[in-house]
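Trainee:
Numbering (the UniProt record's numbering), first residue to last: 1 to 307.
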């Protein structure tokens, strides 16, 4: 009987030892997998913002800044020794019911090798979507527009081979965007204000604006374009309200300069840039929000940055 118990204890001890080894192996595999996920997680890093401004009146000015505001809810970096939670896990927890998603989705693809721009956007949600209605996303020139301008046209300075490429996408109240023909008018305004003139070439430089593109676009939309239509968007007091957002891309082939600009009078405006020319540091994200004053959102916001 003593031998039986001794052999039983030996077998039990060996079994426990094997179980501990298997547990250690599984723990090592799990830790290795989590480390790989952490290393592969997206890393959002600060980039060079040229200007961001909240504007309450026409006398306000832009302060040039070099920063990128990231949402506080998202991690700005991932560490191997920190918690294993990846950016994907963080985003997965932010579940929003499909029924309340009403935002426009737009994508602009730019092939720098061939200088080709492909732009597409679609309206989100079913709010105000009556049968037979065509929203601004389905109207070229309203929801989106892409334009290439030859610098040698209209007696402007520059070689005939030098071009300006502009692509604009819009979000907000669709009926107002259609009335204003917003995307096309913004493109035309950029060309007329910054690049083109019908006068002689000796007067070109003095007649063009030296303001940032985002500022001239905002002034054009607020002071001129929105005044020419009867806005259908209303505020809480049933007064007409401009409710739009604009994101655009400008490429100057002569200066080799690529710029992204934005303007919005909506509460928020989110957009991002994936720059394939920058290696690992290629994700740029901006969540722009209007300031709150006395419980109300005031003004509008605009800004731009160089790629």
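Beta carbons are placed, not taken as given, at the ideal position from N, Cα and C, and that holds for glycine.
Which residue's Cα is closest to the Cα of residue 253: 109, 273, 143 and 149?
Mentor: Here residue 253 corresponds to residue number 253 of the chain shown, with the count starting at 1. The option with the nearest alpha carbon to residue 253 is 149.
Trainee: Could you pull the DSSP bridge partners for residue 264 from this structure?
Mentor: Here residue 264 corresponds to residue number 264 of the chain shown, with the count starting at 1. Looking at the DSSP assignment, residue 264 forms a beta bridge with 245 and 301.
Trainee: Using a 10 Å radius around the Cβ and a threshold of 16 neighbouring Cβ atoms, would you call residue 236 buried or exposed?
Mentor: Numbered from 1 along the chain shown, position 236 holds the residue referred to as residue 236. Looking at its Cβ environment, which holds fewer than 16 other Cβ atoms inside 10 Å, residue 236 is exposed.
Trainee: Between residue 193 and residue 249, what straight-line distance do the alpha-carbon atoms span, to the nearest angstrom?
Mentor: Taking the chain shown and counting its residues from 1, one reaches residue 193 at position 193. Taking the chain shown and counting its residues from 1, one reaches residue 249 at position 249. One C-alpha to the other measures close to 16 Å.
Trainee: Alpha carbon to alpha carbon, what distance is there between residue 231 and residue 177?
Mentor: The residue given as residue 177 occupies position 177 in the chain shown. The residue given as residue 231 occupies position 231 in the chain shown. So the alpha carbons of these two residues sit roughly 9 Å apart.
Trainee: Residue 145: which of 134, 165 and 292 sits nearest, CA to CA?
Mentor: As a first step, residue 145 must be located in the chain shown, where it is residue number 145. With distances taken between Cα atoms, residue 145 lies closest to 165.
Trainee: Going by DSSP, what residues sit across from residue 285 in a beta bridge?
Mentor: The residue given as residue 285 occupies position 285 in the chain shown. Partner(s): 272.
Trainee: Whose C-alpha, out of 290, 224 and 190, is nearest the C-alpha of residue 208?
Mentor: For the purposes of this step, residue 208 is taken as residue 208 along the chain shown, with counting starting at 1. Answer by Cα proximity: 190.
Trainee: Quick one: what's got a C-beta closer than 6 Å to residue 135's C-beta in the same chain, skipping five residues either side?
Mentor: What you label residue 135 is simply residue 135 of the chain shown in a count that begins at 1. Only 123 and 174 meet the Cβ criterion.
Trainee: Going straight from the alpha carbon of residue 258 to that of residue 283, what length do you get?
Mentor: Counting from 1 along the chain shown, the entry for residue 258 is found at position 258. Counting from 1 along the chain shown, the entry for residue 283 is found at position 283. Taking the straight line from one Cα to the other gives about 16 Å.
Trainee: Specify, as a first and last residue, the run of the beta strand (DSSP E) that residue 166 falls within.
Mentor: Taking the first residue of the chain shown as 1, we reach residue 166 at position 166. Its beta strand (DSSP E) spans residues 163 to 172.
Trainee: With the cut-off set at 8 Å, would you say residue 195 and residue 151 are in Cβ contact?
Mentor: Position 195 of the chain shown, counting from 1, holds the residue named residue 195. Position 151 of the chain shown, counting from 1, holds the residue named residue 151. Closer than 8 Å, so yes.
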